[in-house]
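Trainee: Take this structure, written in structure tokens, and hold onto it; I'll ask about it next.
Chains as they are written, first to last, in this note's numbering: chain S, 758 to 1282; chain U, 912 to 1219; chain A, 1217 to 1510.
In structure tokens form, the structure reads like this:
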């Protein structure tokens, strides 16, 4: 038994507390919210991924450092045109009740998530699969879906077209197999603790809503002998300060997020526990390019971007190691080299000078102030950034009205184009530049500002048709350069992941997707 | 009394109907829907989700469907917590909130009443000022400050009590939330008791009792306390409402799985069914509690009678 | 009813009652001290923001989250955005106090009239009116306010109205109770016997006589409203930036209690002082207005 838990244990005894008996190697993990469900087809949040990813395993899975490694599939072959994947499933892949995981379980799962009746909100991640979109729209039979069980241990997936990031995506929970025999028996209740059967390193034991989820090591897992933990308990804690305090009190071993404003204190007092790393996400402001908004004028958009001192925001306002963003795609995205930014090279004075000139050219200035409504959704960090932006734009003669609303209203209004400048963010669904840049294509749902550039669209289409990774990257980089030149959006910083990890643990490795599976975690003796 | 009770319960039906209807339409009037979040769903997926939950029907039809289900005791599925029905969520959360609220009210009365009586008896003395001053600290500091402060001091620094979590209502997990929740009510009750005690002590029948030669202790014990408690009893209704409001903060800060936190979260998430479920439930609960308070009041005060 | 002599009598009585009460209040040290302190806090909030060297939304790019210091003019330190905390706290006081004042007045106006009418008329009307109050009580308040904020957007007028619209319920119950009790008193029955109209009896006899408990309740409502506003701020439904309130400042400060304690302490001191004073003043008023302790 490790030191801290001994200490905590004696403390509990001393004060007469009857804590529930925890096994020797129990990981206590604070996740950032209550899961909507533990059915992989009914979730869309990152905290659900923390739990479900421990319970299930896809054809490929994530190593400790987030690299994709074989999961249920032992090996695979890809056809020359990149559209047909043939997977050989491992012999010893088993569900936690001992029944084997078969190719049929994958076929069943893929058809289920794309069945409109399942109402899976994340189903579109599987759209690369042949006929997936048609099946979801109820325009094609589920049997026409491009997935087929050749035999018990051989699975063939056919794609609409070559998709270079498809293999990475197979580690995502939308592509997990489901225990066909259990789902068919219990229907939607299959994911309740008393019924659930899973194929990952851990098996669900109990779920007390809003309190705790317990999972124990799955003895039928193919790599069970290398799983060190006996049990994982997930505590949903929405208040980040509460998570921090519980971590400090030794009530939890890992907190999946901590409040930015505590970073300095943490660095000083718990330096060994703080884990900050670049994260696959961009924090930006959408600029409304629809008619009737001053921001339709590219000069104004550029001026606004120029006047933002991103280093002040990252260093003084957030100060958690975020990197100032002058482009849209985060720097560590795989197989991609973003374009150079002109702004990044300019001095602060030069930027401000040019910004003032542009604003004047556009017909605004101190006598004719530009009035903008800046919208952000409720959050301490968003608020601080918004206030800073307003102050930074003041020297340009821009008068900002700050408008804060809760998340549902914020995004509903953004979609309707009811804003001038509005906070937005994007966390990549998968590690690929296309996932970011597609937000700027004409008519795309998440293209809040309604940016539209035919040349950009053409380049993205060409990239989608290109199999050669280098050419594809060049095309996308060219597209990004176009968007930046147009100041399509106002990138502010690239996200970082912020975790608190007890120094007693080993096996934790930071990674850009911030994916951490408990099977790699161990207590140091 | 029985007739009165039955009548009040019967009257609760239209009351609840109005509450439910008002909430239903207000809720649906609010901009944004349950599937509006950081990422926009593809059109066909959103359409499919809306159809699944009947959200693409006209509002009056949704209302009729909801009322129809409600009559059968079905509060519907939660949009956010997909593995649970609203009934299940309320059934899981309510005992927790009830336990928390019960102890908080209990503690508030247990401490507030004696404090008020002592302050009244030692009126305008140092004791009075000290007692009321301390009690007032509870009103002067918002509970969302007291709660993390308690957690920090007793949970992190001293490590006497858990910082958060519920742990099936084990008493160490209860202490901090209950204290944080009751502090404000202690102050109100003490204040109210002090005021009404002073008033009673100045009244005719106390003078009469004194004139009869009863000792001061007896006067207070036999004649003063009961009538002095009347305003406190009529305050219990608002006190319960205050506890419910307070529990939103406390449950959130201490991570307690009650229904208080659903309340705000569900409204912000536009989890329509869960919002309606909590409204229905709280509406019924408050109607019931108000009735109980009225009954206690009439039992304590013989002057008020509910004839028909 | 100019010919009715009975009407004027309570007016004179009311006048002397007020003078007597004021005399008694002045003798109460805790209450007078509170009154003076309240006046000072109010004055500071009204005039203060003009006197501090910083503006409400002015960012000092050289001072992010700095502790209180005399040297740089941030006498109460700065917040995480480099804005002067003292200026913001005083400004916040304006918002908090005005919310409290307006909301209390709204609740007073509705509650007193409603309660008095219900209590005086009694019977079926009373029953109906109180049933409505019950309905309002059964509508979970927070939900109502949250929905209002969401439906109509967030602005300070709405906060006034929403809180006022909820607080009148208690007020009306208290007034009704008072009126019910007073109604049976001799002087009201006498007025009745003399044929004074209902409306006059309510406004000239019952309300003035019920005023004591109402004033006390007002001093109780003001702090409650201030706290309610802070509760809304905690939920993220407070006033829009760059405006602020004590509630907003405290709820920002609570997360920084270890790292930047001044952010919690400064607005908390103002809030606590105000609430303390209001409570002592309320007690003093109660004692002064209570005819029985005379």
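Cβ atoms here follow ideal geometry from the backbone N, Cα and C, with glycine treated the same way.
Being a predicted model, the structure only gives us computed values, none of them experimental.
#1: So which residues on chain U does residue 1473 of chain A lean against when the C-beta distance must stay under 9 Å?
#2: For residue 1204 of chain U, collect the residues of the same chain with a Cβ closer than 6 Å to its Cβ; drop the 5 residues on either side in sequence, then sort them by chain order.
#3: With residue 983 of chain S as the anchor, note down where its beta strand (DSSP E) starts and where it stops.
#4: Which bits of chain A does residue 1187 of chain U rub up against, with CB to CB less than 8 Å?
#5: Quick check on residue 1224 of chain A: buried or exposed, where buried means 16 or more other Cβ atoms within 10 Å of its Cβ?
#6: Indicate whether at least one CB of chain U lies closer than 7 Å to the CB of residue 1270 of chain S.
#7: For residue 778 of chain S and residue 1089 of chain S, I'd like the C-alpha separation in whole angstroms.
#8: Between the C-alpha atoms of residue 1307 of chain A and residue 1163 of chain U, what's the straight-line distance to the nearest angstrom?
#9: Short of 9 Å Cβ to Cβ, which residues in the region 956-974 of chain U face chain A?
#10: Should residue 971 of chain U go down as buried or exposed, given a rule of 16 or more other Cβ atoms within 10 Å for buried?
#11: Would you say residue 1161 of chain S reaches chain U, if we count a Cβ-Cβ gap shorter than 7 Å as a contact?
#12: Please report the Cβ distance between residue 1189 of chain U and residue 1001 of chain U, rounded to the nearest whole angstrom; I am assuming they are in contact, meaning their Cβ atoms lie under 8 Å.
#13: Do residue 869 of chain S and residue 902 of chain S count as a contact pair if the criterion is CB distance below 7 Å?
#14: Check whether the Cβ atoms of residue 1064 of chain S and residue 1206 of chain S sit closer than 7 Å, and answer yes or no.
#15: How far does the alpha helix (DSSP H) with residue 1465 of chain A in it extend, from its first residue to its last?
#16: Tell me whether the region 943-957 of chain U and the region 878-897 of chain S touch, counting them as touching only if at least three CB pairs, one residue from each stretch, are closer than 8 Å.
#17: According to the Cβ coordinates, are residue 935 of chain S and residue 866 of chain S closer than 7 Å?
#18: What are the residues in the region 1388-1418 of chain A lying within 8 Å of chain U by C-beta distance?
#19: Report the residue from S:1217, S:1176, S:861 and S:785 whose alpha carbon sits nearest the alpha carbon of residue 1189 of chain S.
#20: Just to make sure I have the definition right: I need the residues of chain A whose C-beta is within less than 9 Å of the C-beta of residue 1019 of chain S. Which are they?
#21: Rounded to a whole number of angstroms, what is the C-alpha to C-alpha distance between residue 1078 of chain U and residue 968 of chain S?
#22: Is the shortest distance between the beta-carbon of residue 1495 of chain A and the beta-carbons of chain U less than 7 Å?
#23: Give the list of continuous alpha helix (DSSP H) stretches no shorter than 4 residues that lie fully inside the region 1103-1162 of chain S.
#24: What are the boundary residues of the beta strand (DSSP E) that includes residue 972 of chain S?
#25: Name the chain A residues that come within less than 7 Å of residue 1140 of chain S, Cβ to Cβ?
#26: Under a CB-based cut-off of 7 Å, is residue 1135 of chain S close to chain A?
#27: Drop a sphere of 10 angstroms on the beta-carbon of residue 1260 of chain S, count the other beta-carbons inside from all chains shown, and report buried for 16 or more, exposed for fewer.
#28: Is DSSP giving residue 1039 of chain S helix, strand or coil here?
#29: Note down the Cα distance separating residue 1194 of chain S from residue 1185 of chain S, rounded to an integer number of angstroms.
#30: Under the rule that 16 or more other beta-carbon atoms within 10 Å means buried, what is residue 940 of chain U, buried or exposed?
#31: Three-state secondary structure (DSSP) at residue 942 of chain S?
#32: So the alpha helix (DSSP H) residue 869 of chain S belongs to, where does it begin and stop?
#33: Checking contacts by CB at 7 Å: is residue 1053 of chain U closer than that to chain A?
#34: Please name the residue, chosen from S:1100, S:1221, S:1224 and S:1016, that lies closest to residue 1256 of chain S on a Cα-to-Cα basis.
#35: Thinking C-alpha only, which one of S:950, S:1068 and S:1117 is nearest residue 1105 of chain S?
#36: Could you tell me the distance, in whole angstroms, from the CA atom of residue 945 of chain U to the CA atom of residue 1133 of chain S?
Mentor: This is what the structure gives:
#1: Locating residue 1473 of chain A in the third chain gives position 257, counting from the first residue. Result: 1056, 1059, 1060 and 1063.
#2: Translated into positions along the second chain, residue 1204 of chain U becomes position 293. So the list reads 1147 and 1148, once near-sequence residues are dropped.
#3: As a first step, residue 983 of chain S must be located in the first chain, where it is residue number 226. That residue, residue 983 of chain S, is in no beta strand (DSSP E); it is neither H nor E in DSSP.
#4: In the second chain, counting from the first residue as 1, residue 1187 of chain U sits at position 276. The contacting residues do not exist; residue 1187 of chain U stays about 10 Å from chain A at best.
#5: Sequence index remark: in the third chain, residue 1224 of chain A carries index 8 (1-based). Note that residue 1224 of chain A scores a pLDDT of 39, beneath 50, so its modelled location is shaky and nothing firm can be said.
#6: Numbered from its first residue, the first chain carries residue 1270 of chain S at position 513. Output row for residue 1270 of chain S: interface = no.
#7: In the first chain, residue 778 of chain S corresponds to position 21, counting from 1. In the first chain, residue 1089 of chain S corresponds to position 332, counting from 1. With a pLDDT of 44 at residue 778 of chain S, under the threshold of 50, the predicted position of this residue should be treated as unreliable, and no value is reported.
#8: Within the third chain, residue 1307 of chain A is the residue found at index 91, counting from 1. Within the second chain, residue 1163 of chain U is the residue found at index 252, counting from 1. For residue 1307 of chain A and residue 1163 of chain U, the distance between alpha carbons rounds to 29 Å.
#9: none
#10: The sequence position of residue 971 of chain U within the second chain is 60, counting from 1. By the neighbour-count rule (16 or more Cβ atoms within 10 Å), residue 971 of chain U is not buried but exposed.
#11: Residue mapping note: residue 1161 of chain S aligns to position 404 of the first chain, counting from 1. No, its Cβ sits nowhere closer than 7 Å to a Cβ of chain U.
#12: By one-based count along the second chain, residue 1189 of chain U stands at place 278. By one-based count along the second chain, residue 1001 of chain U stands at place 90. Confirmed, about 7 Å.
#13: Taking the first residue of the first chain as position 1, residue 902 of chain S is located at position 145. Taking the first residue of the first chain as position 1, residue 869 of chain S is located at position 112. No, these two residues do not count as a Cβ contact at 7 Å.
#14: The count along the first chain starts at 1 and reaches residue 1064 of chain S at position 307. The count along the first chain starts at 1 and reaches residue 1206 of chain S at position 449. Against a cut-off of 7 Å, the Cβ pair of residue 1206 of chain S and residue 1064 of chain S comes out as no contact.
#15: Your numbering for residue 1465 of chain A matches position 249 in the third chain. Where residue 1465 of chain A is concerned, the enclosing alpha helix (DSSP H) stretches over 1462-1469.
#16: yes
#17: By 1-based counting over the first chain, the position of residue 935 of chain S is 178. By 1-based counting over the first chain, the position of residue 866 of chain S is 109. Yes, they are a contact pair.
#18: 1389 and 1393
#19: In the first chain, the residue the question calls residue 1189 of chain S occupies position 432. Measuring from the Cα of residue 1189 of chain S, the nearest candidate turns out to be S:1217.
#20: If you number the first chain from 1, residue 1019 of chain S lands on position 262. Correct list: 1471, 1472, 1474 and 1475.
#21: Your numbering for residue 1078 of chain U matches position 167 in the second chain. Your numbering for residue 968 of chain S matches position 211 in the first chain. So the alpha carbons of these two residues sit roughly 8 Å apart.
#22: Residue mapping note: residue 1495 of chain A aligns to position 279 of the third chain, counting from 1. Output row for residue 1495 of chain A: interface = yes.
#23: 1105-1118 and 1137-1150
#24: Here residue 972 of chain S refers to the residue found at position 215 when the first chain is read from its first residue. Start and end: 969-974.
#25: Counted from its first residue, the first chain places residue 1140 of chain S at position 383. Near residue 1140 of chain S (Cβ distances below 7 Å), the residues of chain A are 1457.
#26: Numbered from 1 along the first chain, position 378 holds the residue referred to as residue 1135 of chain S. For residue 1135 of chain S, the answer is yes, since a Cβ of chain A falls inside 7 Å of its Cβ.
#27: Counting from one through the first chain, the residue named residue 1260 of chain S turns up at place 503. Residue 1260 of chain S should be labelled exposed.
#28: Start at 1 with the first residue of the first chain, and residue 1039 of chain S comes out as number 282. Reduced to three states, the DSSP call for residue 1039 of chain S is strand.
#29: Start at 1 with the first residue of the first chain, and residue 1194 of chain S comes out as number 437. Start at 1 with the first residue of the first chain, and residue 1185 of chain S comes out as number 428. The alpha-carbon atoms of residue 1194 of chain S and residue 1185 of chain S are separated by roughly 10 Å.
#30: Residue 940 of chain U sits at position 29 when you count from the first residue of the second chain. Its Cβ having fewer than 16 others within 10 Å, residue 940 of chain U is exposed.
#31: As a first step, residue 942 of chain S is located in the first chain; it is residue number 185 there, counting from the start. Helix, per DSSP.
#32: Looking up residue 869 of chain S in the first chain gives position 112. Taken as a continuous stretch (DSSP letters only), the alpha helix (DSSP H) holding residue 869 of chain S covers 860-870.
#33: Working through the second chain from its first residue, we reach residue 1053 of chain U at position 142. It does; some Cβ of chain A falls within 7 Å.
#34: Translated into the one-based positions of the first chain, residue 1256 of chain S becomes position 499. Nearest option by C-alpha distance: S:1016.
#35: As a working mapping, residue 1105 of chain S is identified with position 348 in the first chain. For residue 1105 of chain S, the nearest C-alpha among the options comes from S:1068.
#36: Along the second chain, one-based indexing puts residue 945 of chain U at 34. Along the first chain, one-based indexing puts residue 1133 of chain S at 376. Their backbone Cα atoms lie some 19 Å apart in a straight line.
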